[in-house]
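**Student:** So the protein lines, in turn, are chains R, G and Y.
Just so we're aligned, residue 71 is where the first sequence starts under this note's numbering, counting upward by one.
Just so we're aligned, residue 71 is where the second sequence starts under this note's numbering, counting upward by one.
Just so we're aligned, residue 71 is where the third sequence starts under this note's numbering, counting upward by one.
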Amino acid sequence: MKKIKNKEDLNKFVDKIKSQDGYKEPIAWAVARVEKSFLDEEKTLCANYAVINYKENYASFAVLFWALQECGIKVDTKGSEFVAKLDRDVVDKVLEIFDFLVDEVDGNSHKNLQNFMTIDEILSEDGEDNFCATFIFEDKAPKSVESVYLKLYLLSLGKVALRSLNLDGAFGVLPNVAWDLQSKPIELEWLKENEIWLKMSGAYPTILSVDKFPRFLSHIVPNDSVRVLDSSKVRLGAHLADGTTIMPGASYVNFNAGTTGKAMVEGRISSSVIVGDGSDIGGGASILGVLSGTSGNAISVGKRALLGANSVTGIPLGDDCIVDAGIAILEGTKIYISSVEAKKLQEANKEFKFDKEIFKGLELCNLNSLHFRQDSQSGKITASYNKKTVKLNENLH
Amino acid sequence: MKKIKNKEDLNKFVDKIKSQDGYKEPIAWAVARVEKSFLDEEKTLCANYAVINYKENYASFAVLFWALQECGIKVDTKGSEFVAKLDRDVVDKVLEIFDFLVDEVDGNSHKNLQNFMTIDEILSEDGEDNFCATFIFEDKAPKSVESVYLKLYLLSLGKVALRSLNLDGAFGVLPNVAWDLQSKPIELEWLKENEIWLKMSGAYPTILSVDKFPRFLSHIVPNDSVRVLDSSKVRLGAHLADGTTIMPGASYVNFNAGTTGKAMVEGRISSSVIVGDGSDIGGGASILGVLSGTSGNAISVGKRALLGANSVTGIPLGDDCIVDAGIAILEGTKIYISSVEAKKLQEANKEFKFDKEIFKGLELCNLNSLHFRQDSQSGKITASYNKKTVKLNENLH
Amino acid sequence: MKKIKNKEDLNKFVDKIKSQDGYKEPIAWAVARVEKSFLDEEKTLCANYAVINYKENYASFAVLFWALQECGIKVDTKGSEFVAKLDRDVVDKVLEIFDFLVDEVDGNSHKNLQNFMTIDEILSEDGEDNFCATFIFEDKAPKSVESVYLKLYLLSLGKVALRSLNLDGAFGVLPNVAWDLQSKPIELEWLKENEIWLKMSGAYPTILSVDKFPRFLSHIVPNDSVRVLDSSKVRLGAHLADGTTIMPGASYVNFNAGTTGKAMVEGRISSSVIVGDGSDIGGGASILGVLSGTSGNAISVGKRALLGANSVTGIPLGDDCIVDAGIAILEGTKIYISSVEAKKLQEANKEFKFDKEIFKGLELCNLNSLHFRQDSQSGKITASYNKKTVKLNENLH
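(1) Assign residue 324/Y to buried or exposed, taking buried as 16 or more other Cβ atoms, counted over all protein chains shown, within 10 Å of its Cβ.
(2) How many Å lie between residue 462/R and residue 177/R at the Cα?
(3) At the 7 Å Cβ level, is residue 322/G part of the contact set with chain Y, yes or no?
(4) Where does the unbroken alpha helix (DSSP H) through residue 71/R begin, and where does it stop?
(5) Using a beta-carbon distance below 7 Å, is residue 338/R in contact with chain G?
(6) Check whether the region 341-357 of chain R touches the region 400-407 of chain R, counting contact only when three or more Cβ pairs, one atom from each stretch, lie closer than 8 Å.
(7) So does the region 453-462 of chain G actually touch the region 103-110 of chain Y, counting three or more Cβ pairs closer than 8 Å?
(8) Who are the neighbours of residue 318/R on chain Y, taking C-beta pairs under 7 Å?
(9) Would a check of beta-carbon distances place residue 254/G closer than 7 Å to chain Y?
(10) What does DSSP give as the partner residues of residue 306/G in its beta bridges?
(11) Taking a cut of 9 Å between CB atoms, which residues from the region 268-300 of chain Y lie near chain G?
(12) Starting from residue 163/Y, trace the alpha helix (DSSP H) both ways and give me its first and last residue.
(13) What is the DSSP secondary structure of residue 140/Y, reduced to helix, strand or coil?
(14) Give me the DSSP bridge partner(s) of residue 180/G.
(15) So, helix, strand or coil for residue 397/R, using DSSP?
(16) For a contact meaning CB atoms closer than 7 Å, what does residue 406/G contact in chain Y?
(17) Anything in chain R within Cβ reach of residue 342/Y, meaning under 8 Å, just list it in chain order.
(18) Please report the straight-line C-alpha distance between residue 391/R and residue 233/Y, rounded to a whole angstrom.
(19) If you reduce the DSSP assignment to three classes, tell me which class residue 350/G lands in.
(20) Going along the chain, which unbroken runs of the alpha helix (DSSP H) with 4 or more residues stay wholly within the region 228-275 of chain R?
(21) Tell me, please, which residues DSSP counts as bridged to residue 319/Y.
(22) Excluding the 5 residues flanking residue 297/Y on each side, which residues of the same chain have their C-beta closer than 6 Å to its C-beta?
(23) Would residue 388/R pass as a contact of residue 437/R if the rule is Cβ separation under 7 Å?
(24) Could one say the Cβ of residue 469/Y lies closer than 7 Å to chain R's Cβ atoms, at least one of them?
(25) Shorter than 6 Å, the distance from the beta carbon of residue 438/R to the closest heavy atom of the ligand PLP, or not?
(26) Output the distance between the C-alpha atoms of residue 397/G and residue 442/Y, rounded to the nearest integer angstrom.
(27) First and last residue of the alpha helix (DSSP H) that includes residue 145/G?
(28) Nearest to residue 283/G by CA position, among 242/G, 422/G, 343/G, is which residue?
(29) Following the continuous alpha helix (DSSP H) through residue 122/G, name the residue where it begins and the one where it ends.
(30) Below 7 Å on C-beta distance, what does residue 103/Y contact in chain G?
(31) For the region 173-192 of chain R, which residues have a CB atom closer than 8 Å to at least one CB atom of chain Y, in sequence order?
(32) Report yes if the C-beta distance between residue 346/Y and residue 328/Y is below 7 Å; otherwise report no.
(33) Could you work out which residue in 211/R, 439/R, 184/R is closest to residue 416/R when comparing CA atoms only?
(34) Quick check: what's the CA-CA separation for residue 155/R versus residue 317/G?
(35) Would you call the region 147-154 of chain G and the region 202-212 of chain G in contact, with 3 or more CB pairs under 8 Å?
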């Protein structure tokens with residue numbers, strides 16, 4: 071093979087690979103360091119990605135595809151996903167092709183090349199570490215720890231929209247492990263087997279959590295305007311948009327859930343819940359999720375919402391809505407709307423028919439400018455027109 | 071003394087010890103590595119047990135009893151508990167007796183012997199470490215850090231039922247300490263005395279908590295189906311049955327409290343509270359405890375209960391009960407039951423007399439199939455018959 | 071200069087410094103170890119103080135003032151604050167003056183001198199570390215990371231009362247950083263730049279939080295009777311009085327907020343909220359803060375208050391008040407007070423006029439002995455006279 075000397079050579083080389091039978095471009099691909107089980111060295115417990123490719127960088131993919139092939143690994147592009155072990159030979163092959171680019175590499179450019187160069191360096195020093203390449207060809211139910219992690223990264227990094235990926239069966243694929251201080255997974259069985267020695271020698275590891283999912287902050291570098299006051303509160307797979315603050319009280323953001331704009335979050339954003347820009351989720355406020363709580367409707371909360379302290383929201387809300395502190399608006403909650411308020415609400419919700427006085431929560435899904443209250447003298451839950459615009463405290467951002 | 075060569079020799083030897091005056095078998099016993107105060111080397115701050123014996127393994131106990139005696143330590147079996155320091159001489163004596171079994175030792179067998187062998191190894195290398203044996207002869211108010219810890223382990227490991235042990239005065243016995251990253255206790259006074267050096271040299275330790283109790287996950291290896299997303303949420307002395315998940319939002323499980331079957335826990339399980347199999351404790355739900363909240367009745371929640379998000383439960387509940395999101399059912403809450411619902415409830419609660427329309431919470435203690443709601447138009451709190459069976463999401467387990 | 075041999079010499083020397091033009095005594099001053107940015111070595115990310123001086127120890131200040139001057143650093147006493155870098159020359163100058171006292175130094179005496187001696191020792195070994203002296207001359211909006219930290223320490227240590235310091239713009243001054251296991255700040259940008267190497271080598275740091283504020287327990291040694299079960303729950307700048315317990319469920323104490331006496335805290339103490347002695351803040355109870363929630367009134371909760379589980383308090387409360395579990399008392403909440411209860415309440419609130427039946431929450435601010443309830447049959451929120459005295463469980467303290 072002729073040495074690749076420039077971009078043009080590379081393009082020709084890549085075109086040749088792309089024309090091969092069985093070549094197919096993945097939706098997403100990335101290279102990971104994987105943590106293996108102490109009990110079964112074939113078993114992956116966790117994958118760490120630094121550079122994630124989503125519908126991009128197919129030249130690098132093609133070269134990797136070729137390098138694997140050269141080393142005897144045929145990437146099966148017919149399945150929905152493929153995980154290939156990366157050893158020195160594969161990485162060397164890749165670097166051989168990209169050699170002409172090495173001098174161009176700096177901070178933010180050629181991230182995939184940087185990744186391969188770094189792995190090469192690590193493998194030179196210590197062949198013990200485990201690396202792999204993960205390819206997702208179709209968005210079907212994930213089959214490997216590596217592909218679940220890749221999907222969780224895609225969500226957390228905002229490469230794809232929340233709720234847009236197939237995560238069916240992810241709970242079954244991920245092993246339940248103890249996460250130690252270094253955010254490394256340890257199997258509970260291994261801890262049991264080694265308990266006597268670890269305890270008696272004073273070396274029993276501090277376990278921060280036992281879960282199938284790792285923590286968001288163990289994998290994702292948030293943008294500068296994001297704050298997470300307690301790493302335990304956000305699972306990998308959550309997405310926190312710029313300007314999002316997660317306070318440490320009763321808050322929580324599950325995987326496949328999060329914010330799409332700046333938000334102050336002191337409550338629970340359950341799995342599949344999406345919170346819009348400028349919203350304030352008050353202390354202890356609960357937004358019910360699909361995993362337990364609602365009848366299966368994923369809840370979105372619109373822009374500039376205010377969910378009061380200890381309120382509960384069980385229906386999707388449009389923009390500019392308020393749920394007062396301490397009240398629960400569920401699918402079956404009966405809500406009174408006076409004709410005066412109905413008239414005002416009509417303006418903000420042209421399509422909706424306010425043709426009665428009592429509505430069920432489910433009927434009011436996704437409407438704008440609703441202010442839910444409980445009359446403190448009659449106990450009546452009402453919805454009225456919200457004329458205030460909720461504003462997050464700028465000082466806090 | 072003749073060398074013990076086999077099980078038969080051992081039995082004879084043990085029988086001889088058992089026939090001694092002053093010999094008595096403890097309810098529970100175990101060997102611990104103890105962490106001592108930096109300020110007073112006599113003072114135990116924390117005990118780590120790997121193998122716990124509850125009404126079992128009395129041959130090992132007898133040998134230990136004898137070994138201590140041989141080394142001049144007379145175990146006082148008349149008190150409710152006894153803590154003996156274990157040095158190399160004691161451990162060597164024990165191992166002398168069990169020498170014939172050493173080759174048989176593997177993974178799960180002869181755990182006490184493994185424990186002694188491990189201590190022997192550690193003491194050979196570094197005599198600095200501290201080990202003790204703790205014996206509990208009677209379940210009275212604990213007098214030592216070592217016996218409090220042993221009782222907390224018995225509860226957490228499910229060797230005894232929750233609420234079945236005497237823990238009176240445990241708060242007074244346990245010192246309040248700072249727990250560092252390695253889950254080791256540091257006295258606050260020591261931190262104050264060394265603050266200048268620690269701060270100026272950049273070596274001030276990260277403190278994860280300041281408490282009398284350690285964290286559950288620093289001492290207990292949970293079963294594979296248990297998840298605890300934030301180690302701060304569960305104190306040692308809590309019991310988490312198989313299939314229990316503790317989410318990181320507003321949840322919490324105190325010592326001497328927990329679950330007896332699979333459960334999704336996003337709320338607070340206060341001290342002395344027991345939650346039954348198949349129950350769902352919603353986000354921010356509070357179950358009041360005996361330490362503060364109720365008038366002293368320990369609350370049990372039955373099987374297949376659903377405590378809605380931000381609900382409060384101040385009375386014990388039978389099976390198949392629901393408390394709707396956001397409402398509080400306390401001892402004094404007046405609850406309306408219509409005659410139609412009373413009839414249905416009668417089926418599920420044969421013994422109870424539904425002879426009126428308004429009940430106080432306290433009167434409805436432990437009944438089955440109650441569904442507590444607040445009418446959102448009248449503010450009236452009602453109880454009706456719950457016909458739904460609460461089912462935990464199987465995907466999550 | 072003549073060597074200072076005794077207290078008398080020192081006093082004379084100090085008097086001479088004090089008489090200088092431009093000399094001015096700061097309200098507060100202290101010496102810090104500072105953590106600098108990896109990206110810009112001039113930028114301070116965090117300051118660690120061990121000894122804090124508030125309107126005290128001006129002899130030590132004067133000597134430091136002189137030492138800085140001798141080393142060419144003129145302390146600008148006209149601005150509201152000044153931060154001076156401390157190098158070996160400065161520290162040596164200070165120690166030269168205090169040499170006669172060195173033999174007197176022990177545990178609790180001459181803390182400032184101990185601090186300088188410790189820095190001297192550290193700088194001798196490794197000149198790399200960064201130290202500074204921070205002087206606050208006027209309580210204006212803080213301009214530096216060092217002065218914000220000094221103010222947060224003053225609040226947390228109880229040297230000044232909560233809400234008594236000017237913290238305007240503190241959010242803007244503090245950088246948002248990732249806090250690692252050693253409680254050291256890391257810039258998010260640095261993490262991004264080094265992500266590939268850190269992830270691929272398995273050395274990506276465990277991040278405990280991303281926030282502008284550090285955790286209380288990373289800087290403050292609490293008194294022996296204080297418990298904080300989860301370090302993430304309390305920001306530096308909070309004050310926890312003796313006998314305060316912060317449980318790990320839904321609780322939280324923000325900066326410039328806290329307790330003034332013993333308290334059981336299982337709920338949220340938002341920024342600027344002060345809770346009085348003997349109070350019990352129930353599980354998930356929310357006290358609204360000035361940063362988001364109230365119309366700007368800082369809320370105080372008086373002595374012996376009981377805020378029930380999942381209650382919400384949006385108005386200041388006097389002594390002996392109870393807010394029942396699950397209810398929200400906000401500024402606009404309409405509250406019914408019967409004439410019978412009004413008569414009893416009048417005794418406890420001589421100044422107040424109970425001249426009607428329905429009050430808004432805001433009208434009842436700061437009154438004593440109010441018991442807020444919701445009638446569970448009519449939904450009516452009422453206030454009545456609280457005759458019970460709330461008592462914290464002594465066993466827990």
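The beta carbon of each residue, even a glycine, is placed where N, CA and C say it ideally should be.
On a predicted model such as this, the values are computed, not experimentally measured, just so you know.
**Tutor:** Looking at the atomic coordinates:
(1) Position 254 of the third sequence, counted from the start, is the residue given in the question as residue 324/Y. Buried: at least 16 other Cβ atoms inside 10 Å.
(2) Translated into positions along the first sequence, residue 462/R becomes position 392. Translated into positions along the first sequence, residue 177/R becomes position 107. Distance between the alpha carbons of residue 462/R and residue 177/R: 35 Å.
(3) As a working note, residue 322/G is residue 252 in the second sequence. Residue 322/G counts as touching chain Y.
(4) As a position in the first sequence, residue 71/R is number 1, starting the count at 1. Taken as a continuous stretch (DSSP letters only), residue 71/R belongs to no alpha helix (DSSP H), as it is neither H nor E.
(5) Numbered from 1 along the first sequence, position 268 holds the residue referred to as residue 338/R. Yes, its Cβ sits closer than 7 Å to a Cβ of chain G.
(6) no
(7) no
(8) Within the first sequence, the letter at position 248 stands for residue 318/R. Going along chain Y in sequence order, the residues near residue 318/R (Cβ under 7 Å) are 302, 303, 322.
(9) Within the second sequence, residue 254/G is the residue found at index 184, counting from 1. No, no contact with chain Y.
(10) Taking the first residue of the second sequence as 1, we reach residue 306/G at position 236. The partner list for residue 306/G (beta bridge, DSSP) reads 308/G.
(11) 278, 285, 287, 288, 289, 291, 292, 293, 294, 295, 296, 297, 298, 299, 300
(12) Position 93 of the third sequence, counting from 1, holds the residue named residue 163/Y. Per DSSP, residue 163/Y belongs to the alpha helix (DSSP H) from 158-168.
(13) What you label residue 140/Y is simply residue 70 of the third sequence in a count that begins at 1. The answer is helix: DSSP assigns residue 140/Y an H, G or I state.
(14) Translated into positions along the second sequence, residue 180/G becomes position 110. BP columns for residue 180/G are empty, so no partner.
(15) Reading the first sequence from its first residue, position 327 is the one you call residue 397/R. In this structure, residue 397/R counts as coil in the three-state DSSP scheme.
(16) Locating residue 406/G in the second sequence gives position 336, counting from the first residue. The answer, in chain order, is 447.
(17) Translated into positions along the third sequence, residue 342/Y becomes position 272. Within chain R, no residue comes near residue 342/Y; the closest Cβ sits about 12 Å away, beyond 8 Å.
(18) Walking along the first sequence from the start, residue 391/R turns up at place 321. Walking along the third sequence from the start, residue 233/Y turns up at place 163. Looking at the two C-alpha atoms, the distance is approximately 32 Å.
(19) Looking up residue 350/G in the second sequence gives position 280. Here residue 350/G sits in strand by DSSP.
(20) 240-243, 258-263, 265-270
(21) On the third sequence, residue 319/Y is found 249 positions in, with the first residue counted as 1. Looking at the DSSP assignment, residue 319/Y forms no beta bridge with any residue, so it has no partner.
(22) For the purposes of this step, residue 297/Y is identified with residue 227 of the third sequence, where counting begins at 1. Only 315 meet the Cβ criterion.
(23) For the purposes of this step, residue 388/R is taken as the residue at position 318 of the first sequence. For the purposes of this step, residue 437/R is taken as the residue at position 367 of the first sequence. A contact, by the Cβ cut-off of 7 Å.
(24) In the structure as shown, chain Y starts at 71 and stops at 467, and residue 469/Y therefore has no counterpart that could be examined.
(25) Of the ligands one can find in the structure shown there are none, so the ligand PLP has no counterpart to examine.
(26) One-based indexing of the second sequence puts residue 397/G at position 327. One-based indexing of the third sequence puts residue 442/Y at position 372. Each residue's alpha carbon lies about 15 Å from the other.
(27) Within the second sequence, the letter at position 75 stands for residue 145/G. That residue, residue 145/G, is in no alpha helix (DSSP H); it is neither H nor E in DSSP.
(28) Counting from one through the second sequence, the residue named residue 283/G turns up at place 213. Here the closest residue by C-alpha is 242/G.
(29) As a working mapping, residue 122/G is identified with position 52 in the second sequence. Run containing residue 122/G: none in the alpha helix (DSSP H); it sits in the beta strand (DSSP E), 114-124.
(30) In the third sequence, the residue the question calls residue 103/Y occupies position 33. The contacting residues are 269, 270, 272.
(31) 177, 181, 184, 185, 188, 189, 192
(32) Along the third sequence, one-based indexing puts residue 346/Y at 276. Along the third sequence, one-based indexing puts residue 328/Y at 258. No. Outside cutoff.
(33) For the purposes of this step, residue 416/R is taken as the residue at position 346 of the first sequence. Looking at the Cα atoms, 439/R is the closest of the given residues.
(34) Walking along the first sequence from the start, residue 155/R turns up at place 85. Walking along the second sequence from the start, residue 317/G turns up at place 247. Near 34 Å, if we compare the C-alpha coordinates of residue 317/G and residue 155/R.
(35) yes
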